[in-house]
Amino acid sequence: MIANLLVINGAPGAGKSLIATRLGDIRRVDIIEIDALRSRNPHPDRDDAKRSARAEALLLASAALTGGRDVVVPQYLGRPDFVRDLRDVASRAGAAFVEVTVDVAGSVAADRFRARRRLLRQSQTASTNEHPEHEVPDDAIDETIADAIRRLQARRSNEPLEPIDGADPALAATQIVEILDRVDRARMHPPESITDGVVTVRSPRADDRRSLIELRDVEFHRWVGPGSDEPRPTMVIEHDDHVIGWVDWDVESRDWLTEGQVNVGYAVAADARRRGFGTRGARLLLHRRSLMADAATPTVLIDRANLRSLAVAERLGFVPAFDAGSNILLVGRVPGHVYSDGTVTIRPRRHSDLDADLAAKDIEQQRWLWTRAEAAQWAQMHDVERRRHTAAWLATTMDSFGRGPRWAFSVDSASAANVGSVEVDLDNEHTPPGDANVSYSVHPAHRGRGTASAAVRLVQRFLHDHTGVRSVWICIERGNTASERVAVNLGARVVDQVSSVDGRVLTRYELARTPPPGQR
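In terms of the working numbering, the sequence shown opens at residue 9 and continues consecutively.
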């Protein structure tokens, strides 16, 4: 099994070390406590002691990962510099990299912090250097923890940090196991095909050889070269059941690559160009790598005269790194699938969301999001059947997250986990092919706080990074005033009205084509 490097981040007092210990009870892991390494230094509060402890942690992590062992680093990291160092270590070892943040209220973290400090002070054997973070003065604990929470919220708005509920360390460890299991499954059995409703990328077959060779025209040979007699790209691109191109994730050593980088390639047939198919295919390839928590950095080397390929790279978010003669090396990123604005977060669904989902299925949700047949079926079920039914539905939505064309997210707020859900469907009867229909629901106790609007904005960012969606649509049944307010808040425009399969009148709203500036 391929190893994982897991960072458990969180404010002081959040319970990071305890969660790591509980995780070690469930799953075999090497726990690297940076503060414990630091405490061995006679002057742990000095900057050189901190640097030395982090350097030692990187060496220990590299050795464990290379040996195939999972590594857990429970540490408050408010800035991304050391996180990048850990990610690089994972990339060099061919390991997955996962970072989670432990969410607890500031008052809870402060109480835990003070309780732990009291125990240390009462201990007859505790060294004064045993826990360097306890250098925080007594009167600065609340302020220090509040500042840490603010820093993590700021990082979460730009980086894929999956939130974990820290109220119960045992439950938090279980949630982390779910995340690591999902990553393990994706790395060992990545989806054979993924679709965005317009194109499908899938693993190549022996009978694709002729189609792949036939797409080579003069322009292909100019930029790519002669091509292999036995083409074996990572995935082929299909449209209308025809192979129209390929995308490649090339891990072989190349002169222009540095450690931790991979080469990405793409090509489409002449009659498929200028239709966005290359961009869509490459985005789905990057989505596939994101499922595997790939820590590698994707790059493309493009002749500066190849304007079409440069335009694809730009749409993918690749940026120029340096000139290499007549070529330009551009560097991109594997997008995450956790998105946050610092307050509201969307993340892939987990089995542990089951209880909150069951509690949220009230009359309002059934009235606006369910068909009449679904509501009638639910009314006939007893509690055990409802739980079994919801668990099966949850498993289906989790599975489809890897394959498309539907992606379902749980919504977390700053104060609670799983306060709602948001789902995108790129193969919906009420939207143009390849565009996304968005549906959303907020659990009863959390309605009226702007959570749905924030979740839709975040899902726009996901769609921008992972798919070729151009427009996002919301179909709202007449009379659903709460959902209409969400559409208005998002600046959506009314397009027309359509009828659903069970005769309901739906108003179709269209959102802006791309995420607002600053929401990448």
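Note that CB positions come from ideal geometry on N, CA and C, so glycine has one too.
Cβ pair residue i, residue j closer than 8 Å
{"i": "residue 17", "j": "residue 66", "result": "no"}
{"i": "residue 506", "j": "residue 517", "result": "no"}
{"i": "residue 454", "j": "residue 483", "result": "no"}
{"i": "residue 188", "j": "residue 106", "result": "yes"}
{"i": "residue 419", "j": "residue 459", "result": "yes"}
{"i": "residue 202", "j": "residue 412", "result": "yes"}
{"i": "residue 204", "j": "residue 442", "result": "yes"}
{"i": "residue 393", "j": "residue 416", "result": "no"}
{"i": "residue 324", "j": "residue 290", "result": "yes"}
{"i": "residue 166", "j": "residue 103", "result": "no"}
{"i": "residue 342", "j": "residue 326", "result": "no"}
{"i": "residue 292", "j": "residue 209", "result": "yes"}
Beta carbon proximity, residue i to chain C, threshold 8 Å
{"i": "residue 307", "result": "Absent here is chain C; the protein component of the structure consists of one chain."}
Where residue i falls, given that 16 or more other Cβ within 10 Å makes a residue buried
{"i": "residue 136", "result": "With a pLDDT of 46 at residue 136, under the threshold of 50, the modelled position of that residue is not reliable, and the figure given next carries that caveat. Looking at its Cβ environment, which holds fewer than 16 other Cβ atoms inside 10 Å, residue 136 is exposed."}
{"i": "residue 88", "result": "exposed"}
{"i": "residue 385", "result": "exposed"}
{"i": "residue 197", "result": "exposed"}
{"i": "residue 508", "result": "exposed"}
{"i": "residue 33", "result": "exposed"}
{"i": "residue 195", "result": "buried"}
{"i": "residue 134", "result": "At residue 134 the pLDDT is 49, less than 50, meaning the model places this residue with poor confidence; the figure from the coordinates comes in the next sentence. Classification of residue 134: exposed, given that the 10 Å Cβ count is below 16."}
{"i": "residue 401", "result": "exposed"}
{"i": "residue 513", "result": "exposed"}
{"i": "residue 359", "result": "exposed"}
{"i": "residue 15", "result": "buried"}
{"i": "residue 183", "result": "buried"}
Reduced DSSP category for residue i - H, G, I as helix; E, B as strand; rest coil
{"i": "residue 19", "result": "coil"}
{"i": "residue 475", "result": "coil"}
{"i": "residue 250", "result": "strand"}
{"i": "residue 118", "result": "helix"}
{"i": "residue 526", "result": "The pLDDT assigned to residue 526 is 46, lower than 50, so where the model puts this residue is not dependable; a value taken from the coordinates is nonetheless given after this. The answer is coil: DSSP assigns residue 526 none of H, G, I, E or B."}
{"i": "residue 417", "result": "strand"}
{"i": "residue 136", "result": "Annotation note: pLDDT 46 at residue 136 (below 50); position unreliable, no value reported."}
{"i": "residue 40", "result": "coil"}
{"i": "residue 83", "result": "coil"}
{"i": "residue 49", "result": "coil"}
{"i": "residue 350", "result": "coil"}
Residue from the options whose Cα sits closest to the Cα of residue i
{"i": "residue 511", "options": "398, 379, 127, 478", "result": "379"}
{"i": "residue 408", "options": "433, 61, 354, 393", "result": "433"}
{"i": "residue 220", "options": "29, 193, 367, 238", "result": "238"}
{"i": "residue 113", "options": "76, 157, 359, 125", "result": "157"}
{"i": "residue 22", "options": "177, 296, 274", "result": "177"}
{"i": "residue 115", "options": "423, 515, 456", "result": "423"}
{"i": "residue 228", "options": "265, 263, 277, 268", "result": "277"}
{"i": "residue 236", "options": "184, 243, 224", "result": "224"}
{"i": "residue 271", "options": "316, 343, 217, 337", "result": "337"}
{"i": "residue 78", "options": "331, 391, 191, 519", "result": "191"}
{"i": "residue 301", "options": "93, 315, 193", "result": "193"}
{"i": "residue 344", "options": "170, 451, 24, 19", "result": "170"}
Rounded distance between the beta-carbons of residue j and residue i, thought under 8 Å
{"i": "residue 168", "j": "residue 346", "result": "4 Å"}
{"i": "residue 172", "j": "residue 162", "result": "Not a contact, Cβ separation roughly 18 Å."}
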